[in-house]
Amino acid sequence: MSARYVPVGWNASKLVYDAILLIAVAIYIVVFLWLAPRYQHVTLPLDEYSARMAAFGTCAFFLLTAILCIGPAARLDRRFLPLVYNRRHFGVLTCAVALTHANAALDWYFSYSPLDPYVALLSGNTSFRQVSGFPFEAFGIFALAVLVLLAATSHDFWMSFLTPRAWKALHMVLYAGYLAVVLHVALGALQSARNPMLALVMTLCVLLVGSLHFAAGRRPARLAETQGEWIVAGPADTIPEGRAIVVPVAGAEPVAIFRADGKLSAVTNLCAHQNGPLGEGAVIDGCITCPWHGYQYRLADGCAPPPYTEKLVTFRLKLDGGTVLLDPRPNPPGTYVEPLRVA
Ligand code: HEM
Ligand code: FES
Numbered sequence: 000m001s002a003r004y005v006p007v008g009w010n011a012s013k014l015v016y017d018a019i020l021l022i023a024v025a026i027y028i029v030v031f032l033w034l035a036p037r038y039q040h041v042t043l044p045l046d047e048y049s050a051r052m053a054a055f056g057t058c059a060f061f062l063l064t065a066i067l068c069i070g071p072a073a074r075l076d077r078r079f080l081p082l083v084y085n086r087r088h089f090g091v092l093t094c095a096v097a098l099t100h101a102n103a104a105l106d107w108y109f110s111y112s113p114l115d116p117y118v119a120l121l122s123g124n125t126s127f128r129q130v131s132g133f134p135f136e137a138f139g140i141f142a143l144a145v146l147v148l149l150a151a152t153s154h155d156f157w158m159s160f161l162t163p164r165a166w167k168a169l170h171m172v173l174y175a176g177y178l179a180v181v182l183h184v185a186l187g188a189l190q191s192a193r194n195p196m197l198a199l200v201m202t203l204c205v206l207l208v209g210s211l212h213f214a215a216g217r218r219p220a221r222l223a224e225t226q227g228e229w230i231v232a233g234p235a236d237t238i239p240e241g242r243a244i245v246v247p248v249a250g251a252e253p254v255a256i257f258r259a260d261g262k263l264s265a266v267t268n269l270c271a272h273q274n275g276p277l278g279e280g281a282v283i284d285g286c287i288t289c290p291w292h293g294y295q296y297r298l299a300d301g302c303a304p305p306p307y308t309e310k311l312v313t314f315r316l317k318l319d320g321g322t323v324l325l326d327p328r329p330n331p332p333g334t335y336v337e338p339l340r341v342a
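In this text, residue positions in the sequence shown follow numbering that gives the first Met the number 0: the first is 0, and each later residue adds one.
Structure, rendered in structure tokens:
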């Protein structure tokens with residue numbers, strides 16, 4: 000496939016993914032704003048603005064929590080992988096929901112203010128030295144800025160322009176955004192909350208994000224065994240024909256070892272297009288085929304077939320009895336390595 004910018008088109012699975020997301024958000028908002036109040040018997044129900052703010056604010060927080068859980072969940076269990084492929088749409092929707100929340104907050108605060116709502120928001124409270132009454136909105140503004148930045152740069156064009164590595168590094172700022180939301184709520188809504196529900200649910204969400212990342216981070220460490228300079232990839236007969244196993248490499252990207260026609264070949268697990276997980280793909284028409292958008296690479300040298308120009312880093316393999324050993328030192332992209340015959 001081409002090294003130049005190639006937009007990834009819409010397909011049926013993306014449409015279904017987006018439809019499910021939109022329906023889930025709509026159900027949440029309708030239940031929160033319309034259904035729940037009908038069955039709630041409280042003397043002082045929330046006013047319309049506060050209810051809208053709480054509905055969209057909590058919805059944005061849950062969406063953000065889900066986005067951060069998808070990556071580690073997919074590393075722990077392949078069944079979550081389809082959620083990874085369209086995660087960017089999740090991010091854009093979260094940004095839209097958070098903007099609606101912020102807009103409701105501005106309506107609520109400043110409907111009667113002679114100042115511009117944004118000026119009033121930034122200048123109204125400067126008690127930065129105290130916990131109670133701290134201008135928690137500042138954290139909300141930071142989190143919103145992060146969401147807008149990531150949504151605006153989510154398009155393929157930016158990935159190609161910035162390079163996948165820099166783009167991925169930029170998206171790590173989402174963790175700072177999440178922390179900002181937690182502080183926004185802890186110093187804001189939780190200071191006056193009489194019901195412990197919000198505190199409880201937020202704590203559970205933060206614990207879920209933390210424990211999934213911890214579990215996913217520990218997983219590769221358990222697998223990396225070595226024999227001298229070589230990494231023990233595992234028994235050759237555990238690699239299914241036409242598929243791959245993914246071998247973690249300490250301090251580097253994982254390596255995918257494919258089996259095709261009874262021979263093994265090893266390439267980086269990262270697709271040259273958008274860092275898609277090649278090891279989740281299959282060998283189709285004699286080429287490694289990325290599961291995300293179908294870019295293809297030859298097994299022996301990691302080169303995309305002509306006229307395309309992408310090249311993957313390749314690796315050497317050897318057999319020790321029935322065990323496959325991997326040399327973790329990468330060859331320059333496109334280097335030919337004779338496939339290792341195992342059957
Ligand atoms: C310009 C940006 C923002 C402003 C001005 C803002 C303002 C507010 C205000 C006034 C409250 C009510 C606090 C209270 O009840 O004492 C609130 C609550 C909340 N905000 Fe924000 N916010 C912003 C951005 C965000 C973002 C980006 C998120 C999440 C992604 C978020 C999530 C929440 C949540 C979960 C609550 C608690 C809702 C509840 O009462 O149950 N906010 N925000
Ligand atoms: S990431 Fe798009 S084809 Fe691999």
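For glycine and all other residues, C-beta sits at the position ideal for the given N, C-alpha and C.
From the DSSP output, in three-state form, read off residue i for me.
i	result
residue 3	Its pLDDT being 41, under 50, residue 3 is placed unreliably by the model, and nothing is read from it.
residue 289	coil
residue 17	helix
residue 299	coil
residue 106	helix
residue 239	coil
residue 334	coil
residue 224	coil
residue 135	coil
residue 46	coil
residue 159	helix
residue 279	helix
residue 63	helix
CB residue i to CB residue j, shorter than 7 Å?
i	j	result
residue 329	residue 264	no
residue 241	residue 281	yes
residue 67	residue 93	no
residue 266	residue 318	no
residue 403	residue 327	As displayed, the chain neither begins before 0 nor continues past 342, which places residue 403 out of reach and without an answer.
residue 106	residue 38	no
residue 79	residue 72	yes
residue 302	residue 333	yes
On the CB-based measure, 16 or more other CB atoms within 10 Å of its CB, does residue i come out buried or exposed?
i	result
residue 181	buried
residue 160	exposed
residue 3	A caution first: residue 3 carries a pLDDT of 41, below 50, which makes its placement in the model too unreliable to give a value.
residue 275	buried
residue 33	exposed
residue 321	exposed
residue 273	buried
Would the C-beta of residue i count as close to the ligand HEM, meaning under 6 Å from any of its heavy atoms?
i	result
residue 57	yes
residue 188	yes
residue 100	yes
residue 197	yes
residue 90	no
residue 47	no
Does the Cβ of residue i lie closer than 6 Å to at least one heavy atom of the ligand FES?
i	result
residue 292	yes
residue 273	yes
residue 286	no
residue 289	yes
residue 204	no
residue 302	no
Output needed for residue i: all residues of its chain with C-beta closer than 8 Å, excluding positions within five of it in sequence on either side, in chain order.
i	result
residue 153	87, 90, 91
For residue i, which residues in the same chain have their Cβ closer than 6 Å to its Cβ, ignoring the five residues on either side in sequence?
i	result
residue 258	238, 240
residue 143	97, 101
residue 204	64
residue 85	13, 16
Note down, in chain order, each residue of its chain lying with its Cβ closer than 7 Å to the Cβ of residue i, except the 5 sequence neighbours on either side.
i	result
residue 270	277, 289, 291, 294
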